[in-house]
Every structure is written in structure tokens, then in C-alpha cells.
Amino acid sequence: MKKLQVASIQNNPVFGEIRHNLHDLLGLLPPQCDLAVLPELCATGYQFRDRDEVMDLAESLLPDSEPGPITTRLLEAARATGTTIVAGVAERDGDKAYNSALLVRPDGSREVYRKLHLFLDEKRLFDPGDRPLEVVEACGVKLGMMVCFDWIFPEVARTLALRGAQILAHPSNLVLPFAPDAMKTRCLENRVFALTANRVGRECRTDTPLEFIGLSQVMSPRGQRLASLDRTETGAAVATIELAQTDKKITAANDVFADRRPEFYW
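Read left to right, the sequence shown gives residues -5 to 260 (the numbering used here).
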């Protein structure tokens, strides 16, 4: 029965201070961790004033691109610790900017997901994601990535689960209070684990100050909060998970996917 040690990391970044923020974040990685999820836009901060500022701090993330400073540091950390890391990073691709999740493996390989559902001012700062929802192999499991506000659209978690995801990696910068509880439902209805990594603190760089709610967590397929942090602390929510729990059988006669009746849903 395969077990993994996983962690959702919670930080309080200083906007634009990439080296400082990465130093703090990677210092929170627990030892002997198989998978760690870091928050959305974890190294730059969240509240960009304009698109030019996004482009200045963003970097190319695609596997065939030259690693930028954030990617390079994450790759170094993954190699040094043996940890697969998923982090929210501002991505630049030509004249496009994406709010992305970057996965780096200890062997140096990487994957990218671009946030599909943009929240508030993100709509004027970033381009909507243009890549399909994919499930990738990492640390011996099947993993799907989603970013922050993607949680409110159940199709995201369901699509990833139908494509085989056992774990949802969920970098976030949550300001609304609902996601930590809503992810319990996403896990129950899809029989997956979810690692929601949020930040804490406040950013006041525009006319709309934002207060981030923290509450990073590891949620089980049975809707159990296996580890969590409070609204103000920085740290790591660490849990050991058993992948056998992602079995889709609800009872001897019921299967969460086999019992679906999609011909009546749309």
C-alpha cells in the first residue's frame, strides 16, 4: 500500500522580493517530503498594478525554455531534497502572461498548467489559460494541477479525476472564505486528495486592499482535514497519505464514477 508524505506550504511574501520570498518558502519544506505544494504567485506576490509589472516579474516556464530565476531555484530545491514541488508562478510566453502552476521533479523535468478561471483584477493582468487539463506522473502518483479560483468550478476537479488524478495540487491566494470547506466536497465527490496551499498577510498596492485567509490544508478523499494551518501563521501542513483511499468504490454496490449517468447531465 503506497504512502506519501505531502505538504501544503503557507507563506507571507513581500511583493517583488523574489530571492527573499523563495528563501523563506524553501526553508519551510519539511524533511523527507515526497510532494510539496506552494501558494499561487508564491515568489512574486499577488497584487500587480499593471500588465507591465507582470511581464517584468514573469518568466518562461515551458519545459523547452531556459529556466528563469524562480524555476532555477525550485529545480535546485527539488534536486537537493528529493521533493516534487508544485508552485504558483507568473509565466511569460511571448506577449502572453499566464497565472500558472509549475511542477518540478527531482530529476529536473517539469510540467506547466495555466489557470483557466481568472479572478477579479487577474482578468486585466493575465491571459486565460489555453492548455488542457492534464494528469501527470510525479513521485509515483497521478497528479492534476488547478490554481486558486478554479476550485469554484467543479468541472475542473472532476475532469482531472476522470483522467486519473489521485492528488489535486492547488496553489492558491485565497481571499474568499469558502474554498477550504468547498475542497472537502471536491475530494468527496471525486475520491481524491487535495493539497491547497494558500498565503497569509495583506497587500495594499492598488485601490482594493486584499487580506489573504491562510488555512492551507491537506484534505483526504473521505473529506477529512489531515493537516492544516491557521489564518496568520507561516509553515507547512504535513500529512502522510495512503493512496488506497483514492479507490472509487463507495459501497460494495456503488462506484463514484461507474454509477455516473452523463447522458442525463448535459
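Note that CB positions come from ideal geometry on N, CA and C, so glycine has one too. Every value quoted in this text rests on a predicted model; they were computed, and no experiment measured them.
Member of the options whose CA lies at the smallest distance from the CA of residue i
i	options	result
residue 238	127, 187 and 168	187
residue 216	35, 184 and 174	184
residue 59	104, 257 and 128	104
residue 115	40, 131, 108 and 3	40
residue 128	143, 154, 110 and 242	154
residue 76	139, 96 and 28	28
residue 141	193, 250 and 182	193
residue 33	79, 69, 53 and 177	79
residue 163	169, 69, 138 and 174	138
Counterpart residues of residue i in DSSP-defined beta bridges
i	result
residue -3	236
residue 15	According to DSSP, residue 15 bridges with nothing at all.
residue 139	163
Reduced DSSP category for residue i - H, G, I as helix; E, B as strand; rest coil
i	result
residue 165	strand
residue 252	coil
residue 104	strand
residue 206	strand
residue 78	strand
Neighbourhood of residue i by C-beta, 7 Å cutoff - its chain only, sequence neighbours within 5 removed
i	result
residue 219	211 and 213
residue 55	65, 83, 85, 94, 96 and 106
Chain-order list of residues whose beta-carbon lies under 6 Å from that of residue i (same chain, five-residue window excluded)
i	result
residue 45	119
residue 143	111 and 113
Rounded C-alpha distance that separates residue i from residue j
i	j	result
residue 247	residue 98	39 Å
residue 37	residue 64	7 Å
residue 226	residue 131	33 Å
residue 136	residue 156	11 Å
residue 191	residue 6	12 Å
residue 234	residue 52	33 Å
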